[in-house]
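So the number in our numbering is just where the residue sits in the sequence shown, counting from 1, plus 204. Contents: one structure, followed by commentary.
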Amino acid sequence: MIEETEFLAPGHRMCAGCGVALSARIAVNTAGKDTIVVSPTGCMEVTTTQYPETAWRVPFLHVAFENAASAASGIDSALKMLGKRENKNILVFAGDGGTFDIGLQALSGMFERGHKVTFICNDNEAYMNTGIQRCSATPYGAWTTTSPPGKYSIGESKPKKPIARIAAAHCIPYVATATIAYVADYQKKLKKALAVDGPSFIHVLAPCPSGWRFASDELIEVSRLAVQTGVFVLWEVENGEMENLKITKKIPQRKPVEEYLKTQGRFKHLFKPVLRKDVIGQIQAEIDKKFERFGL
Ligand SMILES: Cc1ncc(C[n+]2csc(CCOP(=O)(O)OP(=O)(O)O)c2C)c(N)n1
Ligand SMILES: [Mg+2]
């Protein structure tokens with residue numbers, strides 16, 4: 205189902221079992237050779253473009269942490285002016301820090317101006333490149349180096365920002381969520397995103413073995429459990445109509461969230477030395493509430 209050519213060449217320096225690497229590989233191989241990749245600073249950029257080498261077999265533009273959407277907008281405009289816009293994909297691969305936090309203003313502007321760019325947020329739920337610092341994508345209760353659990357802390361104290369719903373509120377032509385355990389679903393969404401005449405946004409949950417503290421061969425299982433427990437819901441919104449939000453993967457038998465939390469060392473303080481039923485219960489209650497809101 206994907207092209208045989210690898211547009212993200214092997215030999216890059218991403219960790220074994222990196223969700224961001226797999227997400228980028230699926231996306232760029234699905235988009236094909238006529239693709240321009242734009243990436244703000246983050247794990248992806250430092251591991252694939254160490255001068256004088258590059259792992260990219262398509263054009264790759266590295267920009268500052270905050271302005272990937274602005275740079276991608278510029279590419280869209282420039283290609284239009286040159287009469288070369290047709291049959292080219294502009295793909296942004298940005299981390300959660302570069303999307304939820306520091307890149308949000310540029311992203312909102314790109315949506316508002318209507319640029320034909322597909323913005324993929326590879327969400328590993330922290331600033332991983334600089335040493336696992338918390339950000340607005342970090343889930344409630346998670347350990348990071350700047351949300352350490354202890355006597356007065358259960359880890360991250362704030363809920364995760366609903367970035368895909370924020371994108372959808374801009375009424376752009378296509379918004380979806382995806383994750384690497386459901387490849388066909390991700391590819392289908394990417395193809396839809398690339399086909400629309402305007403901005404599109406895909407929020408990809410991309411687990412990080414180093415920062416989430418799980419073994420590298422557990423990547424797919426962790427990603428799948430996020431969906432099966434309802435931590436991460438797979439949906440899409442077409443034509444800017446939030447009321448037509450469609451769940452693309454229904455979970456008739458939702459697993460308890462504990463099963464997901466247990467797979468990751470970043471939540472181990474919720475199980476030992478004492479079982480924090482109160483915190484786990486709160487996380488479960490938030491998921492139940494979300495499913496009620498989705499009418500599931
Ligand atoms: C303006 C600015 N502030 C801070 C930094 C330092 N910095 C570089 S990458 C990064 C974190 C990137 O996190 P994210 O976007 O989530 O990508 P990840 O590395 O997790 O894939 C930070 C804080 C920077 N390069 N520029
Ligand atoms: Mg990150």
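Glycine included, C-beta positions come from ideal geometry on N, C-alpha and C.
Just to confirm, does residue i get its C-beta within under 6 Å of one of the non-hydrogen atoms of ligand 1?
i	result
ASN233	no
GLY223	no
THR253	no
PHE264	no
GLY246	yes
PHE418	no
PHE495	no
PHE269	yes
THR342	no
THR334	yes
Indicate whether residue i and residue j have their beta-carbon atoms separated by less than 7 Å.
i	j	result
ALA272	VAL250	no
ASP327	ALA410	yes
THR433	TYR464	yes
ALA310	SER361	no
LEU423	GLY221	yes
ILE376	GLY444	yes
THR239	VAL262	yes
VAL232	LEU212	yes
ASN333	GLY246	yes
ALA380	ILE406	yes
LEU398	THR322	yes
VAL400	ALA382	no
ILE487	SER427	no
LYS450	LEU438	no
ARG470	TRP347	yes
GLY359	PRO366	no
ASP280	ILE294	yes
GLY318	VAL483	no
PRO403	PHE269	no
Identify whether residue i lies in helix, strand or coil by the three-state DSSP scheme.
i	result
SER404	strand
ASN326	strand
TRP347	coil
LEU212	strand
In the DSSP output, which residue or residues are listed as bridge partners for residue i?
i	result
VAL242	LEU265 and VAL296
SER357	GLY354
GLU440	ALA380 and LYS450
GLN337	TYR331
LEU409	ASP327 and THR383
ASP416	This sequence places Trp at residue 416; Asp is not what is there. In the DSSP output, where bridge partners are listed per residue, TRP416 has none listed.
Within the structure, which residues are defined as neighbours of ligand 2 by a Cβ-heavy atom distance below 6 Å, reported in chain order? Residues lining ligand 2 by the Cβ criterion, that is a Cβ closer than 6 Å to any of its heavy atoms, are GLY299, ASP300, GLY301, ASN328, ALA330, TYR331 and MET332 in chain order.
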